[in-house]
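Protein sequences, first through last, are from chains A and B. With this note's numbering, you'll find the first sequence wraps up at 164, consecutive numbering, no jumps. With this note's numbering, you'll find the second sequence wraps up at 164, consecutive numbering, no jumps.
Number of protein chains: 2
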Amino acid sequence: MADKSYPGGMTAPTADWLRLDQQICFSLNAASRAFGGVYRIVLKDLGITYPQYLVMLVLWEHGDLPVKKLGEHLRLDSGTLSPLLKRLEAAGLVRRERSTHDERSVEVRLTDAGAALRERALQVPRRIARSTGIDLDEIRDLRTRLDALTEALDAAAVEGAPEE
Amino acid sequence: MADKSYPGGMTAPTADWLRLDQQICFSLNAASRAFGGVYRIVLKDLGITYPQYLVMLVLWEHGDLPVKKLGEHLRLDSGTLSPLLKRLEAAGLVRRERSTHDERSVEVRLTDAGAALRERALQVPRRIARSTGIDLDEIRDLRTRLDALTEALDAAAVEGAPEE
DNA sequence: CGCCATTTAGTTGTGTGCAATTGAATTGTG
DNA sequence: CACAATTCAATTGCACACAACTAAATGGCG
């Protein structure tokens with residue numbers, strides 16, 4: 001109640017916290033979507049979307065993986081990956097094959113076309129870097145901070161929200 | 001061509017750029033989703049989602065706004081806002097009314113319930129801060145960098161991707 | 001062997017997010 | 001006033017993202 005017209009001498013009013021809060025979560029949200037917008041333009045040549053590109057990056061780096069492992073690398077569950085992988089399969093970039101050892105598991109394998117796409121993808125980072133014009137060290141530092149933030153947030157999410 | 005087996009003395013091979021690229025865009029993506037996860041927990045009490053919370057923040061701060069202005073604050077277009085606002089209206093938090101001056105425009109107005117929800121939302125930033133346990137100065141700095149990044153990315157997106 | 005908890009993908013439903021289009025309303029120009 | 005261009009919200013179609021659930025398969029245990 002005293003938040004709307006706070007007298008001087010007090011700490012920052014609670015009302016201001018909503019503004020600050022908006023800046024933080026919104027900045028992250030906006031940056032993520034802005035990044036998606038630039039990638040969308042660059043990736044149009046490759047015919048894949050930004051999340052699909054992330055999947056391909058993991059496959060190019062680690063080779064064939066079961067859906068479970070893929071999800072761990074990307075922090076995504078099967079509800080997101082299943083339809084996404086079907087689209088990649090329809091595009092001829094991956095195959096999905098039941099493991100013979102464990103029929104619960106589905107191996108995601110690169111096709112020849114999927115492996116070949118990597119050559120064209122090599123230009124993507126350069127074009128993104130050129131678009132942003134941001135220093136590599138700056139990016140590296142930002143990544144470190146974001147990863148720390150993500151780790152803290154994930155830890156907080158599993159514990160559940162502490163009650164006040 | 002010389003990327004696969006690069007001789008010594010050259011700069012970082014293009015192949016490594018894909019890994020670096022993955023780290024950057026993925027870190028941002030993961031942080032954004034991790035933030036969403038924590039907000040989802042905290043906001044469950046208020047009965048709204050993370051993007052809906054962002055809309056309410058803008059309305060609480062700036063008062064009633066047309067959809068267009070709301071979208072400018074949030075960097076969202078009507079394709080995203082229209083269904084979102086209908087859900088907020090169904091929840092009784094906002095009303096949507098055609099402007100009498102310009103019948104193309106739709107004014108989004110807080111209902112009494114929507115305005116009252118602000119009191120409960122005042123605890124959200126505190127609970128988020130407690131969940132993350134991250135220094136406020138760190139957050140402020142991160143926000144500054146992210147906003148700069150977003151600005152650069154948006155500028156790059158409108159120009160279109162420069163060809164190599 | 002039979003039974004049950006666990007693991008793993010898949011499916012369904014809800015909610016963004018964005019491109020492209022539609023249609024109504026307004027503005028500028030002659 | 002008439003008419004073309006512009007503005008604005010809504011709609012449509014597609015693609016994540018995640019919670020909740022289903023179903024198949026595995027592994028352990030008696």
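Even for Gly, the Cβ is constructed at its ideal location relative to N, Cα and C.
Chain B within 8 Å of residue i, Cβ atoms only
{"i": "A/GLY133", "result": "yes"}
{"i": "A/LEU57", "result": "yes"}
{"i": "A/GLU61", "result": "yes"}
{"i": "A/ARG98", "result": "no"}
{"i": "A/ASP77", "result": "no"}
{"i": "A/ARG143", "result": "yes"}
{"i": "A/LEU153", "result": "yes"}
Counted within 10 angstroms of its Cβ, other Cβ atoms place residue i as buried (16 or more) or exposed
{"i": "A/LEU136", "result": "exposed"}
{"i": "A/LYS71", "result": "In the sequence as presented, Lys is not what sits at residue 71 of chain A; that position holds Gly. Classification for A/GLY71: buried."}
{"i": "B/ARG140", "result": "exposed"}
{"i": "B/PRO125", "result": "buried"}
{"i": "B/ARG127", "result": "buried"}
{"i": "B/SER27", "result": "buried"}
{"i": "A/ASP21", "result": "buried"}
{"i": "B/SER99", "result": "exposed"}
{"i": "A/GLY133", "result": "exposed"}
{"i": "B/GLU103", "result": "exposed"}
{"i": "B/SER131", "result": "buried"}
{"i": "B/ALA90", "result": "exposed"}
{"i": "B/SER32", "result": "buried"}
Short CB-CB distance (under 8 Å) between residue i and chain A
{"i": "B/THR150", "result": "yes"}
{"i": "B/ASP147", "result": "yes"}
{"i": "B/SER105", "result": "no"}
{"i": "B/ALA91", "result": "no"}
{"i": "B/ASP64", "result": "no"}
{"i": "B/LEU85", "result": "no"}
{"i": "B/LEU88", "result": "no"}
{"i": "B/LEU70", "result": "no"}
{"i": "B/LEU54", "result": "yes"}
Any non-hydrogen atom of the ligand GTP within 7 Å of residue i CB
{"i": "A/ALA116", "result": "What this structure holds is no ligand at all, so the ligand GTP is not there to describe."}
Original post:
Along the chain, which unbroken stretches of the alpha helix (DSSP H) at least 4 residues long are found entirely within the region 78-113 of chain B?
Top reply: 78-90
**OP:** Anything in the region 104-130 of chain B with a Cβ closer than 8 Å to a Cβ of chain A? List those residues in chain order, please.
**Re:** ARG118, ALA121, LEU122, GLN123, VAL124, PRO125, ARG126, ARG127, ILE128 and ARG130
Subject >> Touch test, the region 52-63 of chain B against the region 41-58 of chain A, Cβ-Cβ under 8 Å, three pairs minimum >> reply: no
Original post:
Got a sec: which bits of the region 13-38 of chain B sit with their beta carbon under 9 Å from any beta carbon on chain A, in order along the chain?
Top reply: For the region 13-38 of chain B, which is checked against every Cβ of chain A, the residues closer than 9 Å are THR14, ALA15, TRP17, LEU18, ARG19, LEU20, ASP21, GLN22, GLN23, ILE24, CYS25, PHE26, SER27, LEU28, ASN29, ALA30, ALA31, SER32, ARG33, ALA34, PHE35, GLY36, GLY37 and VAL38.
Subject >> contact_flag[the region 60-75 of chain A, the region 34-47 of chain A] where n(CB pairs < 8 Å) is 3 or more >> reply: No, the region 60-75 of chain A is not in contact with the region 34-47 of chain A.
**OP:** Would you be able to state if there are at least three C-beta pairs under 8 Å between the region 143-156 of chain B and the region 81-93 of chain B?
**Re:** no
Original post:
What residues in the region 38-52 of chain B have a beta carbon less than 7 Å from any beta carbon of chain A?
Top reply: Per Cβ criterion, the list reads VAL38, TYR39, ILE41 and VAL42.
Subject >> alpha helix (DSSP H) segments (min. 4 residues) lying fully within the region 116-156 of chain A >> reply: Listed in chain order, the complete alpha helix (DSSP H) runs (minimum 4 residues) inside the region 116-156 of chain A are 124-132.
Subject >> Every unbroken alpha helix (DSSP H) inside the region 6-67 of chain B [4 residues or more] >> reply: 14-43 and 50-62
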